[in-house]
Each structure stands twice: as C-alpha cells, then as structure tokens.
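*Asks:* All residue numbers in the sequence shown are consecutive under this note's numbering, ending with 282. We put the beta carbon where it would ideally sit given N, CA and C, even for glycine. Quick caveat, the model's predicted, so the values are computed rather than measured. What follows is a structure written as structure tokens; I'll ask about it next.
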Amino acid sequence: MSNFWKRAISGFLFVIILTGCIFLHPICFFVLFFIINIVGLYEFSKMARRMEIYINLPIYLFCGSLLFTAGFLDAYIGYRDGYLWCFLATFVMSIWELYRKKVNSFQNLAFSYYGLLYLSLPFTLLIYLPYMTSDEWRPEIVFFPFLLVWFNDTFAYLFGSRFGKHKLFPRISPKKSWEGAIGGGICTIGAALFIAPYLEGLTVYNNIIIACIVVFFGIYGDLLESMFKRNIEIKDSGSIMPGHGGVLDRFDAVLFVIPAIFVYLEFVY
14 MSNFWKRAIS
24 GFLFVIILTG
34 CIFLHPICFF
44 VLFFIINIVG
54 LYEFSKMARR
64 MEIYINLPIY
74 LFCGSLLFTA
84 GFLDAYIGYR
94 DGYLWCFLAT
104 FVMSIWELYR
114 KKVNSFQNLA
124 FSYYGLLYLS
134 LPFTLLIYLP
144 YMTSDEWRPE
154 IVFFPFLLVW
164 FNDTFAYLFG
174 SRFGKHKLFP
184 RISPKKSWEG
194 AIGGGICTIG
204 AALFIAPYLE
214 GLTVYNNIII
224 ACIVVFFGIY
234 GDLLESMFKR
244 NIEIKDSGSI
254 MPGHGGVLDR
264 FDAVLFVIPA
274 IFVYLEFVY
C-alpha cells in the first residue's frame, strides 16, 4: 500500500474516532484522551532518551494520568481533591529520583515536569472549555479547536504548495511559507465565521479571536515540535498512525492552541 493511501486511511480513521468520542459521551472523550495522553507522554520520554535523559516512566505516566483524571472529575462532577493527589505525586517523583542512581538527574526531572506541562496540562484544560461557556458538557465547543486546526493545516499546505516562495522559518521547518500561513489563516477565519451560527455560547467576535489564536499559536506549536525532532534527528515522534507519525506529530498545534484559548475564555467569561 502506498504512503498516500496509508496517510488517507489512518487520517480518516483518526478523524472518525476523535469526532465520535467527543460527541458520543463525556466518558468516551475521557477514555480516548486518557489513552492519547499516555501515548504522548511515552513518546516524549522516548525522545528524551535519545539525549540520554532517563525519565522515571512509571511515576511520570502516573502523574500525567492523575492530572488529566483530576481535571475530568473536577469539571464533570465537581470533585477537586484529585489535584491534591496529583500535586503530591509530583513530589514523590522528585524524591524517587534520589534513589534511581541515574545520570543527569536534574535533566531527568526537568524533562519530566516539562512533559507534564507540554502534554497533560493542555489536554486537561481542554476538558474545561465547554463548561466555560455554559454549565453543561458541550461537545461542539471541544471539537471546535480541532476543526479549526485541521482547516488551518490543510489550507496552509494547499496555499504553500501552490504559491509558497517566502520561507516562514527555514531553520526549523524549510517547507513552511508565509504564503501558506497567510492563506491558511484567512481560510480558518472564514471557517470560524461560517460555523459561528451553530455554536451556542460563543459570539461571532469570540469565534474570530479563537480562529486567530489557532492560526498564531498553531504555527508555533508545530514549529516547537519540529525543533524537538530536528534537535534529536528523527522524522516522527512515534508510529501509532501510519503515514502521520505519533501523537505529538498529530497534536503539536493543538497542544499550544488549547491553553491559549483557555486563557482567552477565562478572561471573557
């Protein structure tokens, strides 16, 4: 099977599974993103290992799982004590490092905490987005950032392939162009305006600002992950999606977009 068909089939299945789990039920959303969170943390630890950074995988995955679970329990049923257990677990992770007798102990802990900040925190903040605009689970609000990121990526690629002449950030990502970024941004804002009437709780102005956030922060999320991979000389963060790479490759833009949207909505609401 050619790489094109691998990408097409795995991409289609990814969209179907993600969309279905978001819209079916909050528990389905939780299960899917719990798995995505774990896989993403594992990929990050493997990338760190190439630099001789040895993250304490059991407690690291436990802390990331606990953070995401605490966020879900808080938003869904109002149980907030989960965050206290997560806070305690991060101290255990630091103490555990004393007994591991691994080289680069400082870097091991630093990468562990950054992995939680980079991966688990954005997925946790995603849980809160629908409750910031209403008092109930609103799957369309959760799905909205993903839809805009897909629009932005798709049209940035199309415009870049057709008109791209001026490199956006050649040191990190030689294929990205200003023409692609601008074309993708305009189409993403247009998509947000088209979708606006179907999103209760968000005004047209809110939609435009969120689209601008997706365009700006999505680019930097993509570039950051490209920088990581270039630094350790790998093509993909993983191989869970044939033709697309790993979780970090698929969610690189989203990981930067979600915290920015969360901050914006927190100020607005």
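Hey, would you say Gly53 sits closer than 8 Å to Phe230, going by beta carbons?
*Replies:* Not a contact, by the Cβ cut-off of 8 Å.
*Asks:* Could you pull the DSSP bridge partners for Met254 from this structure?
*Replies:* Beta-bridge pairing links Met254 to Gly258.
*Asks:* Any idea what DSSP makes of Leu181, helix, strand or coil?
*Replies:* Correct three-state label for Leu181: strand.
*Asks:* Over what stretch of residues does the alpha helix (DSSP H) that includes Ser107 continue unbroken?
*Replies:* Looking at the DSSP string, the run of the alpha helix (DSSP H) that includes Ser107 is 95–113.
*Asks:* If you drop the 5 nearest sequence neighbours on each side, which residues of the same chain put their C-beta closer than 6 Å to that of Pro272?
*Replies:* Pro135, Leu138.
*Asks:* With Pro143 as the anchor, note down where its alpha helix (DSSP H) starts and where it stops.
*Replies:* From DSSP, the alpha helix (DSSP H) with Pro143 extends over 134–146.
*Asks:* Give every residue of the same chain whose Cβ lies closer than 7 Å to the Cβ of Met240, excluding the five residues on either side of it in the sequence, and list them in chain order.
*Replies:* So the qualifying residues of the chain are Ile185.
*Asks:* Nearer than 7 Å: is that true of the beta carbon of Ser23 relative to any heavy atom of the ligand FAD?
*Replies:* As presented, the structure is devoid of all ligands, the ligand FAD included, so that no description of it is given.
*Asks:* Just to confirm before moving on: does the CB-CB distance between Asp249 and Asp235 stay below 8 Å?
*Replies:* Contact: no.
*Asks:* With the cut-off set at 8 Å, would you say Lys114 and Tyr67 are in Cβ contact?
*Replies:* Their beta carbons are not under 8 Å apart, which means Lys114 does not touch Tyr67 by this criterion.
*Asks:* What is the DSSP secondary structure of Lys188, reduced to helix, strand or coil?
*Replies:* Three-state result, Lys188: strand.
*Asks:* If you count every other CB in all the chains shown that lies within 10 Å of the CB of Ala21, and 16 or more means buried, which is it?
*Replies:* With fewer than 16 Cβ atoms within 10 Å of its Cβ, Ala21 is classed as exposed.
*Asks:* Please report whether the beta-carbon of Ile66 lies at a distance below 8 Å from any beta-carbon of chain C.
*Replies:* This model lacks chain C altogether; it includes just one protein chain.
*Asks:* What residue from Ser78, Gly95, Leu212 has the CA that sits closest to Arg151's CA?
*Replies:* Answer by Cα proximity: Leu212.
*Asks:* Within 10 Å of its beta-carbon, does Val283 have 16 or more other beta-carbons around it, so buried, or fewer, so exposed?
*Replies:* Residue 283 lies beyond the range of the chain shown here (14 to 282); nothing can be said about it.
*Asks:* How many Å lie between Val270 and Tyr112 at the Cα?
*Replies:* Each residue's Cα considered, the two are about 37 Å apart.
*Asks:* Looking at the structure shown, is Lys248 part of a helix, part of a strand, or coil, going by DSSP?
*Replies:* If DSSP states are grouped into helix, strand and coil, Lys248 belongs with coil.
*Asks:* Roughly how far, in whole angstroms, is the beta-carbon of Ser125 from the beta-carbon of Met145, given that I think they are within contact range, below 8 Å?
*Replies:* Incorrect: roughly 29 Å between the Cβ atoms, too far for contact.
*Asks:* Starting from Glu213, trace the alpha helix (DSSP H) in both directions and tell me its first and last residue.
*Replies:* Here Glu213 belongs to no alpha helix (DSSP H), and DSSP marks it neither H nor E.
*Asks:* For the alpha helix (DSSP H) containing Met64, name the first residue and the last one.
*Replies:* Looking at the DSSP string, Met64 is not in any alpha helix (DSSP H), and its letter there is neither H nor E.
*Asks:* At which residues does the alpha helix (DSSP H) containing Asn117 begin and terminate?
*Replies:* Segment: none, Asn117 is in no alpha helix (DSSP H) and carries neither H nor E.
*Asks:* Can you round the beta-carbon distance between Ile221 and Leu206 to whole angstroms, since I take them to be within the 8 Å contact cut?
*Replies:* Correct: roughly 7 Å between the Cβ atoms.
*Asks:* Pull up the distance between the alpha-carbon of Met3 and that of Phe27, whole angstroms please.
*Replies:* Within the shown structure, residues of the chain are numbered from 14 to 282, placing residue 3 beyond reach of any answer.
*Asks:* Please identify the residue among Leu160, Tyr96, Asn219 whose C-alpha is closest to the C-alpha of Val276.
*Replies:* Comparing Cα positions, the closest option is Asn219.
*Asks:* With DSSP collapsed to three states, give me the class of Glu56.
*Replies:* Helix, per DSSP.
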